[in-house]
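In what follows, a single structure is set out as structure tokens and then discussed.
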Amino acid sequence: MDKLRALQYLLKVADTLSFSGAARAFGVPASSISRRIADLEAELGVELLHRTTRTVRLTEIGALYLEPVRAGLAQLDDATELVGRCSRTPSGTLRISAMPSYGQLLLMPALQEFSALYPDIVLDVHLSDGLVELGRDQIDLAIRGGRQPQDRVVARRLDDNRFLLAASPQYLAQHGRPRTLADLLQHKALLYRGPHALIRWQGRDEEGWRELAVPPAFISNDGASLIAMACQHRGLVLLPEWGLRPYLQRGELVALELEQPVSVNRGGEAGIYLLYLQARYQVPKVRVAVEFLMSRLGAGPPRDGAAGAAG
Numbered sequence: 001m002d003k004l005r006a007l008q009y010l011l012k013v014a015d016t017l018s019f020s021g022a023a024r025a026f027g028v029p030a031s032s033i034s035r036r037i038a039d040l041e042a043e044l045g046v047e048l049l050h051r052t053t054r055t056v057r058l059t060e061i062g063a064l065y066l067e068p069v070r071a072g073l074a075q076l077d078d079a080t081e082l083v084g085r086c087s088r089t090p091s092g093t094l095r096i097s098a099m100p101s102y103g104q105l106l107l108m109p110a111l112q113e114f115s116a117l118y119p120d121i122v123l124d125v126h127l128s129d130g131l132v133e134l135g136r137d138q139i140d141l142a143i144r145g146g147r148q149p150q151d152r153v154v155a156r157r158l159d160d161n162r163f164l165l166a167a168s169p170q171y172l173a174q175h176g177r178p179r180t181l182a183d184l185l186q187h188k189a190l191l192y193r194g195p196h197a198l199i200r201w202q203g204r205d206e207e208g209w210r211e212l213a214v215p216p217a218f219i220s221n222d223g224a225s226l227i228a229m230a231c232q233h234r235g236l237v238l239l240p241e242w243g244l245r246p247y248l249q250r251g252e253l254v255a256l257e258l259e260q261p262v263s264v265n266r267g268g269e270a271g272i273y274l275l276y277l278q279a280r281y282q283v284p285k286v287r288v289a290v291e292f293l294m295s296r297l298g299a300g301p302p303r304d305g306a307a308g309a310a311g
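Here the UniProt record's numbering is used: the first residue of the sequence shown is 1, the next is one more, and so on.
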């Protein structure tokens with residue numbers, strides 16, 4: 001029995017909860033996946049997967065067994081890639097997870113230049129606000145806004161994550177310029193939909209933070225679409241400064257300062273961070289990507305555990 005292959009099959013079945021999904025990933029019949037795992041179970045003398053006609057999931061002992069196996073396979077992958085350090089050109093697949101708006105507005109243009117510099121690196125980019133765990137989710141680099149760190153994660157600050165209220169000059173000329181939280185209720189909001197719920201605006205007055213019932217004119221999980229609607233004079237937008245910056249500089253949008261603070265998060269945001277596991281930095285493709293992205297997008301020294309993987 002090829003035990004290594006059996007372990008790889010087991011890991012993929014556990015992640016996809018599907019023999020057919022694992023079979024597609026490896027390009028083999030589902031029967032081969034099932035047979036290899038059955039051989040592994042026979043060798044160990046335990047049941048690793050609970051199978052029904054509709055579902056497959058790890059047994060309790062299977063979950064305990066897979067945890068160190070997952071770590072071991074990740075270390076083996078790292079060791080294999082480290083052998084390539086003597087190569088003159090970094091290569092391999094680089095998996096990146098980033099917040100959609102930051103990814104579309106800032107990351108993707110930078111990655112176009114990166115691809116031209118390192119054509120042997122295949123970029124696998126996933127844009128999502130969802131949580132990621134770098135080791136478990138097989139992500140090399142993540143870009144997130146947040147405060148709480150994962151264990152063993154290096155966080156390098158890319159930008160502030162300060163939210164600004166903005167609108168087009170034409171919209172303000174037609175509807176007036178809001179000055180207070182009460183004024184906002186007479187305007188239309190362009191709202192962002194997060195992975196789990198609509199992101200409502202929050203305002204702070206003398207009684208503390210409260211949700212603002214600003215009527216929406218447009219809702220989207222795409223920050224670029226919200227900015228486009230703001231530039232078309234459809235309402236007020238509340239987004240990070242890094243996304244609004246070029247539109248403010250060109251005069252397409254105007255930043256608004258109210259008498260009371262407005263945000264989408266009562267606790268505030270520490271910043272936007274590039275996250276990676278310290279051990280992965282030794283892999284050439286990861287190292288060159290980190291330094292390239294910091295040179296194009298970032299500022300500030302590296303900080304261990306400065307931010308989490310929260311979207």
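The beta carbon of each residue, even a glycine, is placed where N, CA and C say it ideally should be.
Checklist entry - Of the residues Gly-27, Gly-194, Pro-119 and Leu-11, which one's Cα is nearest the Cα of Ala-71? => result Working through the sequence shown from its first residue, we reach residue 71 at position 71. Closest by alpha carbon: Leu-11.
Next on the checklist: Per DSSP, what are the beta-bridge partners of Tyr-273 in this structure?
Outcome noted: For the purposes of this step, residue 273 is identified with residue 273 of the sequence shown, where counting begins at 1. Looking at the DSSP assignment, Tyr-273 forms a beta bridge with Arg-144 and Arg-157.
Next on the checklist: Comparing C-alpha positions only, which one of Val-125, Gln-138, Ser-34 and Asp-39 sits nearest to Leu-76?
Outcome noted: Taking the sequence shown and counting its residues from 1, the one referred to as residue 76 is at position 76. With respect to the C-alpha of Leu-76, the residue from Val-125, Gln-138, Ser-34 and Asp-39 having the closest C-alpha is Gln-138.
Checklist entry - If you count every other CB in all the chains shown that lies within 10 Å of the CB of Arg-280, and 16 or more means buried, which is it? => result One-based indexing of the sequence shown puts residue 280 at position 280. By the beta-carbon neighbour count (other beta carbons within 10 angstroms, threshold 16), Arg-280 is buried.
Next on the checklist: Comparing C-alpha positions only, which one of Gln-112, Pro-100, Thr-93 and Asp-140 sits nearest to Val-122?
Outcome noted: In the sequence shown, the residue the question calls residue 122 occupies position 122. Check the Cα spacing between Val-122 and each of Gln-112, Pro-100, Thr-93 and Asp-140: the tightest is with Thr-93.
Item to check | Closest residue to Ser-91 among Arg-51, Asp-39, Pro-119 and Val-69 (Cα-Cα distance) | outcome: On the sequence shown, position 91 is the one that residue 91 refers to. For the set Arg-51, Asp-39, Pro-119 and Val-69, the Cα lying nearest the Cα of Ser-91 is the one of Pro-119.
Checklist entry - Taking the Cβ atom as the reference point for each residue, do Val-254 and Trp-201 lie within a distance shorter than 9 angstroms? => result Against the sequence shown, residue 254 aligns to sequence position 254. Against the sequence shown, residue 201 aligns to sequence position 201. Going by C-beta atoms, Val-254 is not nearer than 9 angstroms to Trp-201.
Checklist entry - In this structure, does DSSP put Glu-211 in helix, strand or coil? => result Position 211 of the sequence shown, counted from the start, is the residue given in the question as residue 211. Three-state DSSP puts Glu-211 in a strand.
Next on the checklist: Please give the ranges of any beta strand (DSSP E) in the stretch 166 to 199, keeping only runs that are unbroken, at least 3 residues long and fully inside the region.
Outcome noted: The beta strand (DSSP E) runs of length 3 or more contained entirely in the stretch 166 to 199 are, from start to end of the chain, 189 to 192.
Checklist entry - Mind checking whether Tyr-273 and Arg-152 have CB atoms under 9 angstroms apart? => result Within the sequence shown, residue 273 is the residue found at index 273, counting from 1. Within the sequence shown, residue 152 is the residue found at index 152, counting from 1. Arg-152 is positioned such that its CB atom lies no closer than 9 angstroms to that of Tyr-273.
Checklist entry - From which residue to which residue does the beta strand (DSSP E) around Ala-217 run? => result On the sequence shown, position 217 is the one that residue 217 refers to. Run containing Ala-217: 216 to 220, per the beta strand (DSSP E) assignment.
Checklist entry - Does the beta carbon of Leu-64 fall short of 8 angstroms from some heavy atom of the ligand ZN? => result In terms of ligand content, the structure shown is empty, and the ligand ZN therefore cannot be addressed.
Item to check | CA nearest to the CA of Ala-38, picked from Tyr-276, Val-283, Ala-6 and Ala-63 | outcome: By one-based count along the sequence shown, residue 38 stands at place 38. For Ala-38, the nearest C-alpha among the options comes from Ala-6.
Checklist entry - What whole-angstrom Cβ distance do Ala-142 and Leu-275 have, given they're in contact under 8 angstroms? => result The residue labelled residue 142 in the question sits at position 142 within the sequence shown. The residue labelled residue 275 in the question sits at position 275 within the sequence shown. With 8 angstroms as the limit, Ala-142 and Leu-275 qualify as a contact, their Cβ atoms being about 4 angstroms apart.
Checklist entry - In whole angstroms, what separates the C-alpha of Gly-271 from that of Leu-48? => result Here residue 271 corresponds to residue number 271 of the sequence shown, with the count starting at 1. Here residue 48 corresponds to residue number 48 of the sequence shown, with the count starting at 1. Taking the straight line from one Cα to the other gives about 42 angstroms.
Next on the checklist: Tell me the DSSP secondary structure of Asp-39 in three-state form.
Outcome noted: Along the sequence shown, read from residue 1 onward, the residue named residue 39 stands at position 39. Correct three-state label for Asp-39: helix.
Checklist entry - For Ala-230 versus Ser-168, is the C-beta spacing smaller than 9 angstroms? => result Position 230 of the sequence shown, counting from 1, holds the residue named residue 230. Position 168 of the sequence shown, counting from 1, holds the residue named residue 168. Yes, the pair counts as a contact, with Cβ atoms nearer than the cut-off.
Checklist entry - How is Thr-93 classed by DSSP in three states: helix, strand or coil? => result Counting from 1 along the sequence shown, the entry for residue 93 is found at position 93. In the displayed model, Thr-93 falls within a strand according to three-state DSSP.
Checklist entry - From what residue to what residue does the beta strand (DSSP E) around Leu-111 run? => result On the sequence shown, position 111 is the one that residue 111 refers to. Segment 108 to 117 is the alpha helix (DSSP H) holding Leu-111; no beta strand (DSSP E) there.
Item to check | Outcome for Gly-300 when other beta-carbon atoms lying within 10 angstroms are tallied against a minimum of 16 | outcome: What you label residue 300 is simply residue 300 of the sequence shown in a count that begins at 1. Only weak support is given to the placement of Gly-300: the predicted model assigns it a pLDDT of 43, under 50, and the question is left unresolved by the model.
Checklist entry - Can you give the Cα-Cα distance for Glu-43 and Lys-3, rounded to whole angstroms? => result Numbered from 1 along the sequence shown, position 43 holds the residue referred to as residue 43. Numbered from 1 along the sequence shown, position 3 holds the residue referred to as residue 3. Roughly 10 angstroms separates the two Cα atoms.
Checklist entry - If you run the structure through DSSP and keep just helix, strand and coil, what is Leu-256? => result Taking the sequence shown and counting its residues from 1, one reaches residue 256 at position 256. In the structure shown, Leu-256 adopts extended strand secondary structure according to DSSP, grouped into three states.
Checklist entry - What did DSSP end up calling Leu-10 once you bin it into helix, strand or coil? => result Residue numbering aside, residue 10 sits at position 10 when the sequence shown is read from its first letter. In this structure, Leu-10 counts as helix in the three-state DSSP scheme.
Next on the checklist: If you measure between the beta carbons of Pro-109 and Ser-128, is that distance less than 9 angstroms?
Outcome noted: Looking up residue 109 in the sequence shown gives position 109. Looking up residue 128 in the sequence shown gives position 128. For Pro-109 and Ser-128, no; Cβs fall outside 9 angstroms.
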